[in-house]
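To start, the structure under review is shown below, and the notes come after it.
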Amino acid sequence: MPRFRAVYGAGPLHLLAVAACLAVVAYALWTELTLIGRPERWLIWFGGGIVAHDFLLLPLYSLLGLIAAAALAPAARRTRVGVAALNHFRFPALLAGLLLLVWYPLIAGPAGRTFMRATGLTKDVYLDRWLLLTAALFGLSALVFVCRLPRLRRRERRMRSAL
Amino acid sequence: MQSRLSLNPFRPQFWRSPLRGPWLASILSAALLPLLAVCAVTGFVSHWAYDPDLGNNAVFGGPGPGNGFDLYGLDWPTSPAWLYAATQGLHVITGVAAIPILLAKLWTVVPKLFEAPPVRSVAHGLERLSLVFLVGGTLFVMSTGVINIQLWYPFGFGFVSGHYYGAIVMVAALLLHLGLKLPVLRDALRRDGISGRLREDLAHTLPEPDLPGRHTSAPSAAAAPTLTRRALLGGVAVASTGLGAMVAGQVVGGPFADLALLAPRGRGRGAGPNDFPVNKTFASVGISRDQTGDDWRLLLHHGDRFVGRMSRDELLALPQTTAELPIACVEGWSTTQSWTGVRLSELARLIGVEPGGEMEARSMQPAGGFRRATLNPGQVADPHSLLALSVNGAPLSLDHGYPARIIAPAVPGVHCTKWVGKLVFS
Chain C
1 MPRFRAVYGA GPLHLLAVAA CLAVVAYALW TELTLIGRPE RWLIWFGGGI
51 VAHDFLLLPL YSLLGLIAAA ALAPAARRTR VGVAALNHFR FPALLAGLLL
101 LVWYPLIAGP AGRTFMRATG LTKDVYLDRW LLLTAALFGL SALVFVCRLP
151 RLRRRERRMR SAL
Chain W
1001 MQSRLSLNPF RPQFWRSPLR GPWLASILSA ALLPLLAVCA VTGFVSHWAY
1051 DPDLGNNAVF GGPGPGNGFD LYGLDWPTSP AWLYAATQGL HVITGVAAIP
1101 ILLAKLWTVV PKLFEAPPVR SVAHGLERLS LVFLVGGTLF VMSTGVINIQ
1151 LWYPFGFGFV SGHYYGAIVM VAALLLHLGL KLPVLRDALR RDGISGRLRE
1201 DLAHTLPEPD LPGRHTSAPS AAAAPTLTRR ALLGGVAVAS TGLGAMVAGQ
1251 VVGGPFADLA LLAPRGRGRG AGPNDFPVNK TFASVGISRD QTGDDWRLLL
1301 HHGDRFVGRM SRDELLALPQ TTAELPIACV EGWSTTQSWT GVRLSELARL
1351 IGVEPGGEME ARSMQPAGGF RRATLNPGQV ADPHSLLALS VNGAPLSLDH
1401 GYPARIIAPA VPGVHCTKWV GKLVFS
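Order-wise, the sequence lines are chains C and W.
Note that this note's numbering gives residue 127 to position 127 of the first sequence, counting from 1, and the numbers run on in steps of one.
Just remember that this note's numbering sits 1000 ahead of the position in the second sequence, which is counted from 1.
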């Protein structure tokens, strides 16, 4: 048994579980890919999700986050007020971005005709609604920030005088 | 500190957030798991609700082998009438609410994507391979599902089988992941508890220590914190609840539909008896107005044998039954209305069909999916299963299936055939 562990890197139960998982995955992939006319499309969507998230979406919002941090709360002269301002910007920005990500087909997607044929409605209201929601999120966040500002400033002064 | 910055994601110094670590990953997983479990179960339940073993109901693969794990053997029940509205509503609500948690979880563990060395052993390599299927499968089912409920079909493959087999890939990989990572979750939560970390203020938001003997996403060169874990998790909770509520508005309907600001069914259509959502307009299906005029006749068949035809007036002269029933769409929205028409069991009795058989309803639609659907014996026999002629006291509108449509308790929306031309009892 120690020999198995040394060669494989884990116990035999691990191998059994992995094999069972991969067998089911292989079954599902095989069934789907032989069932549909253009299997490459399925694979593109499957792999594309990983690429789009791990190598586009996540780096993109991380970079935007770094830029926001450099602008609002630079590490060299970081203040409590700066950090709060950063967070009161980050939260509505992330929420608005999430809404756009999830409801992109309605907000900006090109599927107006299929939507119309299915529901009998036009989908021209959704861009306006998203913009209004985004404005409301930023507005609300700014309002809370302004209300917190006097307390943040007081605490900042107290900390500075304590130093 | 500055000199240790790295622009190479394969170096541990690249990952600077002090928040990442096994505790945060575990908390997010503990929130994500129940949502994914409910979403997966209700998804497979929906496959069952379509009774793919009957008639031409199978959307893919045909009845019997080749149609996935079709081991149910049981007919989908008719009671409670809101059953499908509830299961499918839960499917879409939990799926959409899971998205922010999934994104946060992936953010937390992303350093492990770049861990070095990439493969430490055969076991580690296989585990990483299974993560391709876990992350890929989860992103695949979420993205295809979310796009599909917005009536956009850019896939280039059939949504139903694609989503179904994608879900099987996800569930298989998730079960393995759960088995392998449950000890990490236990260790992390046992070490830190839950409420302690949630009470930390910014000054006390320190990087997590590593778990002994495990490779984790905790940073080795953390920057100073700008956010508490409490605030991060609070933001995720707000996002998840908000998105879930938007979709829930479409399920519950009534005034709550107004919550669905960005969801496709959150829009009032007026106060008239026929002013509720449709998923297939009359204009889109290629039926001419003449076909729905006074010359329309319902054709009744018993198996292959033609047994009679009835006009709309003749149907209206039969005993009428009224039932409050939801139309529950696979896309997760539903709407309950008051339908009036002739019981399917009454029509069967009229043409001398023994009770206990199935019935296929065929639409006058010349082409397209779901233009016929077979109801199981329980659905045909249910006293609330109707060939509806009116809704809310007014004749059906063309968009809602005039001259006649099927409505039956707990039946998925697309099986409530509109513009019925023929009923085939067996």
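Every residue gets a Cβ at the ideal spot worked out from N, C-alpha and C, and that includes glycine.
Note that the structure is predicted; figures quoted are calculated from it, not measured.
- Collapsing the DSSP output to three states places Gln1337(W) in a strand.
- Taking a Cβ-Cβ cut-off of 7 Å, the neighbours of Phe91(C) in chain W comprise Gly1235, given in sequence order.
- Sequence-distant Cβ neighbours of Gly82(C) in its own chain, meaning closer than 7 Å and more than five residues away, are Leu72 and Ala73.
- DSSP, reduced to helix, strand and coil, places Pro2(C) within a helical segment of the structure shown.
- When C-beta atoms of the region 1255-1270 of chain W are compared with those of the region 1218-1237 of chain W, fewer than three pairs fall below 8 Å, so the two segments do not count as touching.
- A Cβ-Cβ distance of about 12 Å is found for the pair Asp1382(W) and Ala1348(W), leaving them out of contact under the 8 Å criterion.
- A contact between stretches requires three or more CB pairs, one per stretch, nearer than 8 Å, and the region 1011-1028 of chain W meets this requirement with the region 1204-1224 of chain W.
- In chain order, Ala1123 make up the part of chain W whose C-beta sits under 7 Å from the C-beta of His14(C).
- With contacts defined as CB atoms closer than 9 Å, Tyr1165(W) and Leu132(C) fail to qualify as a contacting pair.
- Remark: C-beta atoms of Val1424(W) and Gly1303(W) approach each other more closely than 9 Å.
- When beta bridges are read from the DSSP output, Phe1425(W) appears opposite His1302(W) and Met1359(W).
- Inter-residue distance for Gly1089(W) and Arg77(C) is about 50 Å (C-alpha atoms, whole angstroms).
- The beta carbon of Pro92(C) sits closer than 6 Å to those of Leu137, Phe138 and Ser141, all from its chain and outside the five residues before and after it, given in chain order.
- The beta-carbon distance between Ala1367(W) and Thr1417(W), rounded to whole angstroms, is 15 Å. This is too long to meet the 8 Å contact definition.
- Contact check for Ala1167(W) and Ala1328(W): beta-carbon distance about 20 Å, past the 8 Å limit, so the pair fails to qualify.
- Residue environment analysis places Glu1358(W) among the buried positions, since at least 16 neighbouring C-beta atoms fall within 10 angstroms of its C-beta.
- Contact check for Ser1026(W) and Ala1222(W): beta-carbon distance about 19 Å, past the 8 Å limit, so the pair fails to qualify.
- Here Thr1321(W) carries a strand assignment [DSSP, helix/strand/coil].
- Listed by position along chain C, the residues whose Cβ is nearer than 7 Å to that of Arg1312(W) form an empty set, because the closest Cβ is around 23 Å away.
- Proximity of Pro39(C) to chain W, defined by a Cβ-Cβ separation below 9 Å, is satisfied.
- An exposed status is given to Gln1291(W), since fewer than 16 other beta-carbon atoms sit within 10 Å of its beta-carbon.
- Less than 9 Å divides the Cβ of Thr1226(W) from the Cβ of Leu86(C).
- Excluding sequence positions up to five before and after His88(C), its CB lies within less than 6 Å of the CB of Ser141 and Phe145, all in the same chain and listed in chain order.
- Residue-level contact check: Ala1223(W) touches chain C, since one or more beta carbons of chain C fall below 9 Å from its beta carbon.
- For Leu56(C), no beta strand (DSSP E) run applies, since DSSP gives it neither H nor E.
- Here DSSP, grouped into helix, strand and coil, assigns Val1342(W) to strand.
- Boundaries of the beta strand (DSSP E) around Ile1407(W): Arg1405 to Ile1407.
- At the C-beta level, Pro1403(W) and Trp1333(W) stay beyond 9 Å of one another.
- Think of a sphere of 8 Å around the beta carbon of Ile36(C): the chain W residues whose beta carbon falls inside it are Phe1157, Gly1158, Ser1161 and Gly1162, in chain order.
- When DSSP states are grouped into helix, strand and coil, Met1310(W) belongs to the strand group.
- When the five nearest sequence neighbours on each side are left out, the beta carbons in the same chain lying within less than 6 Å of the beta carbon of Ser1426(W) are those of Gly1303, Gly1357 and Glu1358, in order along the chain.
- Per the Cβ contact rule, the region 1166-1181 of chain W is not in contact with the region 1191-1202 of chain W (fewer than 3 Cβ pairs under 8 Å).
- Secondary structure at Pro1117(W): coil, using DSSP grouped into helix, strand and coil.
- Here Val1391(W) is bridged, per DSSP, to Trp1339(W) and Ala1394(W).
- Within chain W, the residues whose beta carbon sits less than 9 Å from that of Val25(C) are Ser1130, Phe1133, Gly1137, Ile1168, Val1169, Ala1172 and Ala1173, listed in sequence order.
- Taking a 10 Å sphere around the C-beta of Arg154(C), we find fewer than 16 other C-beta atoms and assign the residue as exposed.
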